[in-house]
Each structure stands twice: as C-alpha cells, then as structure tokens.
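If you read the sequence shown in my numbering, its first letter stands for residue 11, the second for the next number, and so on. A virtual CB, placed ideally from N, CA and C, is assigned to each residue, including glycine.
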Amino acid sequence: MSQLKDFIFRNEHSLSGVALFAGFIIDSLTLRRVDLLPETILLYSYLGIAALSIFLIHLMEESAARGGIGSRFVPWLTFLLQFTFGGLFSAFLIFYSRSASLAASWPFLILLLFVFLGTEFFRKFHARLIFQLSVFFFAIFSFCVFSVPIAVGTIGPWVFVLSGVMSVLTFSIFIFLLRFTGRARMRARMGGIIFSTALIFFLINALYFLNILPPIPLALKEIGIYHSVVRTDAAYVLRGEERAWYKALWRPTFHITEGTPLYVFAAVFAPVSLKTDVVHRWQYYDQATATWNDSTIVRFPMIGGRDEGFRGFSLKYGATPGLWRVSVETPSGQLIGRTTFVVEIVSMPPLREEVLR
C-alpha cells in the first residue's frame, strides 16, 4: 500500500491528467440525453463526490498542519477530485455542444474547454483552494442552467435567474460547511473566493443575456430547406432538391420559380414535459450594407419528449435571389441552430426528391 501511495505521490501530475481524460471517455461513451434519470444521477453523484473531496482535502491538510496524519490521504482525494471534475466538465462539454450553434456559442464552449483542461493546473495550495472552489461553483451553475428548466418544465429569462439563485444558495451552504475544516485558513482566502465566484456569476449571466450561452436543454436535431412540407397522420412528407452526396458540406443553392414558396423544416429536441415556443427567423443578406435583415418571423409552441425532436416548419413567399438564412431560436433570442442557402429564380422547377420525417 505504501508503494502505491508513493507512486501516486510521485506521479500525481500525470495521473491527474489520466483521471481527467478517463472521465471524458466514460461520459462520451455513456451519456445520452440530458433529461434521463441515469444521466441525472451520474451528474448529482459527480457533484456530491467533488464536494466531499474538496471538504476532506482541506480537512486533511488542516490536520497535517497540526501534526496529524491527514496528509497521507490528500493524494488519493486529489486524484478523486480530478476524476470527478473531468467527468463533470466532459459531460457539460457533451451536453452544451449538442445544444450549441458554433456561430453564436463558440465563446462559451471555449470557456468550458478551458475550465476542463485548466483543472490540471494551479497545483500549489494557495491557488488550489480558490481555484477548486471556483471550478466547483462553475460546475454547480452549469448544472443548474439545464436542470432547473427540466424541473419547472419551461425556459426563459426568469428560469435562468432562478438557476443562478439556486447556484448561489447551494454554493453558500457548501462554503459555510467548509469553514469547519479550518476557519483561519478560510477567512484568509474568503476575499479571493468571493471575487472569483462573483466574476463567474456575472460572466455566465452576461453570456446568457448576450445570447451566447447555448439554449440547453434544447438541441437542434435536423434542419433543411424544401419545396413543400406536408403533414400526414404518420409523418411529414418533405420534397426537396436532389443533391449529390459530395455537395453535403457546401452551402446549398435552392432553385424556385416565380411565386412559389420556400419551406424550412426543423426538429428540435426538448426534455419530456418541457413546453416553450420556437421561433423561425427568415433573413436575407443585403450586400449594399453587409447586414442580415429580418424578412419573416414565425413563432409556434412546442412540447418536448420525442427523441428525434419536435417537428415544425414555416414557409416564405416572395424570396428574392441571393443569400438567405433561417435561424431557429428561443423566444428570448438564443440560437438553437441555423441553415444558410442561396436562392436562384428559374423558369423550370428542379427535380425533386421525397423524404419522410
């Protein structure tokens, strides 16, 4: 046992990196939907283990400072904390990236990646306490952002504010309990803890109200432009243009005749029982001003629970030739997903293919 402990102590830096990577691999292979019970239990377990690890680490270090034997357990607890942080933030990366549109949410995804990798740094104790608590608060807030909407069954600014309140209350209770590991040590670092957590709180709020935060727990499953969309009892019948497989990554060009409409079909995943509205924002690009201008805005209700996403469509008459895009948004303006395409007016209708959704 002592040889194993010495090995862990000598290789703590490398092993903590392995723990982070292992947590990411496990979550990548096991996580499915943000609202499923196993995923919820896993995330609660990670948060609970992280809280207990932080508490015990600083309890043991306080014991060691007084001549106790607590220091022998610190490498094990640190390794466990690194593993849980790796699991937490790999799960957040997976879930948030599924809900994110890179066009709008890339700053937050980079922030998540930075925090995920940053748990490998700040090794000295004086920085570690503040850093660990900052990361833990970020994890609590990131979890509440999507768990509270699932619990209340809707999304919106007031739900996000409630998520923030729940995060602060939970973290404050933990800080109160952590004071019992060493009042003098906590008192000396309380200013740094308050500053770092307040900075994280205001940063996440700014990202939300600037519509940069991904609209989790919503996620775009599919979006496309079609010549017609017909709803039947069994499915949606979509008629679009035939495209060669090698053009799938190119911006599509859509051909219409005068007076015919364009349809956008989109499927948006939402957890079971969550009810909200979805917005389809049609915009055209004005080359003279180099800006995107609203043309048509369609809003309709949706209900979650379908694995393939809630299906809906909107249409646009009188589309002019040029560059267009349709954004799928929340009522508050968060971008769920987007498709961009070029419209060309032709004299003969193009060949069409039919698909079912």
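Residue i in three-state terms, based on DSSP
i    : result
M176 : helix
D296 : strand
L368 : A query on residue 368 cannot be resolved here, the shown segment of the chain reaching from 11 to 367 and no further.
I313 : strand
L39  : helix
G322 : strand
H237 : coil
E252 : coil
T286 : strand
S342 : coil
V274 : strand
V44  : coil
W302 : strand
Start and end residues, alpha helix (DSSP H) containing residue i
i    : result
Y218 : 193 to 219
R348 : Premise fails: R348 lies in the beta strand (DSSP E), 345 to 355, not in any alpha helix (DSSP H).
L143 : 135 to 162
Terminal residues of the beta strand (DSSP E) in which residue i lies
i    : result
F264 : 263 to 266
W334 : 332 to 339
L366 : 362 to 366
Outcome for residue i when other beta-carbon atoms lying within 10 angstroms are tallied against a minimum of 16
i    : result
Y273 : buried
R291 : buried
T299 : exposed
F323 : buried
T267 : exposed
T263 : exposed
S357 : exposed
E9   : Absent from the model: residue 9. The displayed extent of the chain is 11 to 367, so no value can be given.
Y218 : buried
G328 : exposed
V171 : exposed
Straight-line gap, residue i to residue j (C-alpha atoms, nearest Å)
i    : j    : result
F289 : T40  : The residue you asked about is not Phe; residue 289 is Val in the sequence shown. Their Cα atoms are separated by approximately 32 Å.
S177 : P85  : 28 Å
V10  : R253 : This structure gives no information on residue 10, because the portion of the chain shown stretches from 11 to 367.
I160 : G192 : 37 Å
Y295 : W302 : 5 Å
S63  : I51  : 18 Å
G343 : A194 : 46 Å
W168 : L66  : 36 Å
Q293 : I150 : 37 Å
T207 : V282 : 32 Å
V155 : S173 : 6 Å
Y106 : I346 : 11 Å
P117 : L69  : 36 Å
Beta carbon proximity, residue i to chain D, threshold 9 Å
i    : result
F205 : Protein chain content of the structure displayed is limited to a single chain, and chain D is not contained in it.
Using 8 Å as the threshold, is the stretch 179 to 197 in touch with the stretch 236 to 245, meaning 3 or more CB pairs across them? no
I'd like to know if the stretch 320 to 340 and the stretch 348 to 355 are in contact, where contact means that at least 3 CB-CB pairs between them fall below 8 Å. yes
Taking contact to mean 3 or more Cβ pairs, one atom from each stretch, closer than 8 Å, check whether the stretch 56 to 68 and the stretch 87 to 100 are in contact. yes
Would the stretch 229 to 242 and the stretch 191 to 203 be scored as touching if the rule is three or more Cβ pairs under 8 Å? no
Between the stretch 224 to 233 and the stretch 150 to 165, do three or more beta carbon pairs fall short of 8 Å? yes
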